[in-house]
Structure formats: structure tokens, C-alpha cells
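The sequence shown maps to residues 24 to 212 in my numbering.
Beta carbons are placed, not taken as given, at the ideal position from N, Cα and C, and that holds for glycine.
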Amino acid sequence: MGAIGTGKSVYKGLEIVTNKITHAEKQGVRHYLLGEIEPDFDLMAKNFYSKSIVYIEFFLKTQCVPIIVGGSNSYIEKLVVDLVFMFKYNTFHFQIYVQLNKAILKFMLHAELVAKVRQIFSPDADYTKGIRWSIGVPEMTKYLREEKNIDGDNESKKMILQSSISSIKHNTCILICSQLDKIQQLIND
Numbered sequence: 024m025g026a027i028g029t030g031k032s033v034y035k036g037l038e039i040v041t042n043k044i045t046h047a048e049k050q051g052v053r054h055y056l057l058g059e060i061e062p063d064f065d066l067m068a069k070n071f072y073s074k075s076i077v078y079i080e081f082f083l084k085t086q087c088v089p090i091i092v093g094g095s096n097s098y099i100e101k102l103v104v105d106l107v108f109m110f111k112y113n114t115f116h117f118q119i120y121v122q123l124n125k126a127i128l129k130f131m132l133h134a135e136l137v138a139k140v141r142q143i144f145s146p147d148a149d150y151t152k153g154i155r156w157s158i159g160v161p162e163m164t165k166y167l168r169e170e171k172n173i174d175g176d177n178e179s180k181k182m183i184l185q186s187s188i189s190s191i192k193h194n195t196c197i198l199i200c201s202q203l204d205k206i207q208q209l210i211n212d
């Protein structure tokens, strides 16, 4: 499993918010499922599984080893735990790597997170699914909604922005704890 936030890397757009691997980081290696899903589609584990299996079967037919990197625990768990998958591909190697890097959030904020979220901001949008469910997007929408109401009051804007950033940090910690619990369950099973 990759860095926190990589589960949303399957969606098109918002490269910084979704923590997508950059072209330079790919080092010429083709990556699949990155940026393939429409931003408003609510990708479920079963959808991820179906799309992943197509690629995995292709790799195995061509004598290549599929390497699964990133994704939320629910996506990875569906691939790992599904008995059909495990028995069908008995040359299976599973390694868990969790990257807990506080610098990611700092980088996201310095990389103009507010401006990136503003690009997809719509007051009436559903922020509970698709790319809008990425950490940082729902939290920043509060700031984006309020900033118009307090035009010219920079101190109030700054306070609301700090509140949004605090929410991002808090929700990231909750996600990390939840993911670590799920990983521990996978290890124990």
C-alpha cells in the first residue's frame, strides 16, 4: 500500500490532492489505473477489483509479474482476501508497506491545495464520493464557501483556512489509525 491518499489516484485530475505519482517518479514504467476513473464516479472495491483483474490476467498471460501499489485498504483487501484470486494465482507474493509521511500534507498545502480544490469546487456538489472525497477536498470546501461571505476580512479568512487545515490534519490521523488497524487485521488473518 502506498502513501496516504493514493486510493484516489485512480481518478482523473487533482494530481496534488490525490498524491499521484509524477511522470518523473514513474521512471519510464507504465502504470495502470492512474487517472483512469471519472472524478464523479464513486469507485467501489468491487469496481477496483474488476478493473485490476483485467490487468493482472494480462500480465500473467505475458509472463509478467503484476505489482500492486497504492490504493485504499478496501481496494487492496478485495484483491488479497478474495479466495478465487488467491487460489487462481498461487504464485502470489504479498508485501505491505505503509508510508506515513507528515511531509505529504505540508507539501500538499504548499502546492496550492486551495487553488486546486477551487478548480473543482461547486457549492452543490456531493463531497462524499469520487474525487471530491479525497482528504483535503471536503475540508477546503468550508473555507471556499465562507470566503465569499467575508469578503475583505483577511483575519477571518485566515482563521477559517487554519480551521480547514486543522480538519485535514485531524482527518488524516483518523484515516492513518483506521488503515493501520485494517492492516493489522490482514496480518492477523
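- Task: Within its chain, find whatever has a CB closer than 7 Å to the CB of D204; leave out the 5 residues flanking it on each side and keep chain order.
- Result: Looking up residue 204 in the sequence shown gives position 181. If we look at D204 and ignore the five residues flanking it on each side, it has no Cβ neighbours.
- From what residue to what residue does the alpha helix (DSSP H) around L136 run? For the purposes of this step, residue 136 is taken as residue 113 along the sequence shown, with counting starting at 1. Start and end: 136-143.
- Message: Residues in the same chain with beta-carbon distance under 6 Å from P161, minus the five sequence neighbours each way, listed in chain order, please.
- Response: Here the question's residue 161 lines up with position 138 in the sequence shown. Counting only Cβ-Cβ distances below 6 Å, and skipping sequence neighbours, we find Y150.
- Query: Around the Cβ of T114, are there at least 16 other Cβ atoms within 10 angstroms (buried) or fewer (exposed)?
  - Reply: In the sequence shown, residue 114 corresponds to position 91, counting from 1. Confidence is the limiting factor: at T114 the pLDDT is only 49, short of 50, which leaves the residue's position unreliable and the question unanswerable from this model.
- Message: Alpha carbons only, please: which of V137, V88, L102, I191 is nearest the one belonging to I158?
- Response: Counted from its first residue, the sequence shown places residue 158 at position 135. Selected option, being the one with the closest Cα: I191.
- Item | Closest residue to G58 among K43, E170, T85, D174 (Cα-Cα distance) | Translated into the one-based positions of the sequence shown, residue 58 becomes position 35. For G58, the nearest C-alpha among the options comes from K43.
- Message: I need the DSSP call for Y34, collapsed to helix, strand or coil.
- Response: To locate residue 34, count along the sequence shown from 1; it is residue 11. Y34 falls in the strand class under three-state DSSP.
- Message: So if DSSP puts I60 in a beta bridge, which residue, or which two residues, is it bridged to?
- Response: Here the question's residue 60 lines up with position 37 in the sequence shown. I60 pairs with Y34.
- Compute the beta-carbon to beta-carbon distance between S75 and L102, rounded to the nearest angstrom, for a pair I have assumed lies under 8 Å. The sequence position of residue 75 within the sequence shown is 52, counting from 1. The sequence position of residue 102 within the sequence shown is 79, counting from 1. Yes, they are in contact, since the Cβ atoms of S75 and L102 sit about 6 Å apart, within 8 Å.
- First and last residue of the alpha helix (DSSP H) that includes S73? Within the sequence shown, residue 73 is the residue found at index 50, counting from 1. Note, S73: alpha helix (DSSP H), 68-84.
- Message: Rounded to whole angstroms, what is the Cα-Cα separation between S179 and N172?
- Response: On the sequence shown, position 156 is the one that residue 179 refers to. On the sequence shown, position 149 is the one that residue 172 refers to. Distance between the alpha carbons of S179 and N172: 10 Å.
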